[in-house]
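S.K.: The structure's right below; bear with me while I get my questions together.
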Amino acid sequence: MPTYRDEVVVLRTHKLGEADRIVTMLSRRHGKVRAVAKGVRRTSSKFGARLEPFMVADVQMYKGRSLDIVQQAESLGAYGADIATDYDRYTAASAMSETADRLNEAETTPQQYLLLVGGLRALARGDHAPRSVLDSYLLRVMSLSGWAPSLRECARCGAPGPHEWFVAQLGGIVCSACAPTGAPRVSVETGDLLRALLAGEWDVVDAASSGATAASSGLIAAYAQWHTERGIRSLSHLEAPR
Ligand SMILES: [Zn+2]
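So for the sequence shown, our numbering puts the first residue at 11; every next one is plus one.
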């Protein structure tokens, strides 16, 4: 039988028929996988709880013609409960899963899987502010996808920084000469925080002021949104019927 085994993070689930679910997963070695989990909505289901959003599991799947079928699932990280009971953690985890789902339409790497698992684990443990975990994840997953923001040199002309403006469409921080009118200004502290979030320097991140944290969150959200929407547009262009 054509079966395979992999470690996965559950990104989302959809009901299918009376008792089944379609589970969308980011796997370590097989990219994004959509598979049917049969009977998981029955209370007697053995692996239903292991295939909820934000759960990490070792699954065995049967390769179907259109959708694969989950045969077994062993829990590797039951982060769902610790995340779902806290609104801020849940919001952050949802945004991370959605971003992983969007980015990985095109291609996936084991690094993207590991980054998501690490982020969900940090959220479940309450290691840092949920929004900071999300912001760090977004900057790093963008970098893994080839969209690393420029956070010191000017993103447009390469002039050595630090600079004071941030323009998502230009690729990050830009110099005075390159900044268009109305570009958001970046304080020294916010610039330092952005670099710390990307590098995973959590002592700097955890000590940042609420003002700098809010400012960096806004810039990162704009940057991630601009790039993922562009990614989806280019993908739909590629997949258009001819
Ligand atoms: Zn410049």
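Cβ coordinates follow ideal geometry from the N, Cα and C atoms, glycine included.
1. Give me the Cα-Cα distance between T34 and W175, rounded to the nearest whole angstrom.
2. Pick out whichever of G201, I32, S104, A110 has its Cα sitting closest to the Cα of L161.
3. As a quick exercise: from L21, H173, D96, R38, pick the residue whose alpha carbon is nearest that of T109.
4. Give the DSSP-derived three-state secondary structure of H24 in the structure shown.
5. Would G221 be called buried (16 or more neighbouring beta carbons within 10 Å of its own) or exposed?
6. At the level of alpha carbons, what is the spacing between M106 and P12?
7. Going by beta carbon distance, what residues of the same chain come within less than 7 Å of A282, once the five residues before and after it are set aside?
8. Would you mind stating whether L5 and V215 have Cβ atoms separated by less than 8 Å?
9. Just to confirm, are A102 and R150 a CB contact at a threshold of 8 Å?
10. Can you pull every residue whose C-beta falls closer than 5 Å to some heavy atom of ligand 1, listed in chain order?
11. For I79 versus A29, is the C-beta spacing smaller than 8 Å?
12. Report the CB separation of V50 from L61 in whole angstroms; it is logged as a contact under 8 Å.
13. Hey, quick one: how far does the alpha helix (DSSP H) through R44 stretch, first residue to last?
14. Can you tell me whether DSSP reads Y123 as helix, strand or coil?
15. Should V253 go down as buried or exposed, given a rule of 16 or more other Cβ atoms within 10 Å for buried?
M.R.: Judging by the given coordinates:
1. As the crow flies, the alpha-carbon of T34 is around 38 Å from that of W175.
2. Nearest C-alpha to L161: G201.
3. The shortest Cα separation from T109 among L21, H173, D96, R38 belongs to L21.
4. Strand.
5. G221 counts as exposed, since fewer than 16 other beta carbons sit within 10 angstroms of its beta carbon.
6. Put simply, the backbone Cα of M106 is about 31 Å away from that of P12.
7. Residue 282 lies beyond the residue range present for the chain, which begins at 11 and ends at 252; the question has no answer from this structure.
8. Past the edges of the chain, shown from 11 to 252, lies residue 5, and the structure says nothing about it.
9. No.
10. Per the Cβ criterion, the list is C164, R166, C167, A169, C185, C188.
11. For the 8 Å CB-CB criterion, I79 and A29 do not form a contact.
12. In this structure V50 touches L61 by the C-beta definition: roughly 6 Å separates them, less than 8 Å.
13. Element bounds for R44: not the alpha helix (DSSP H) but the beta strand (DSSP E), 42 to 47.
14. Per DSSP, reduced to three states, the secondary structure at Y123 is helical.
15. Nothing about residue 253 can be read from this structure; the chain reaches only from 11 to 252.
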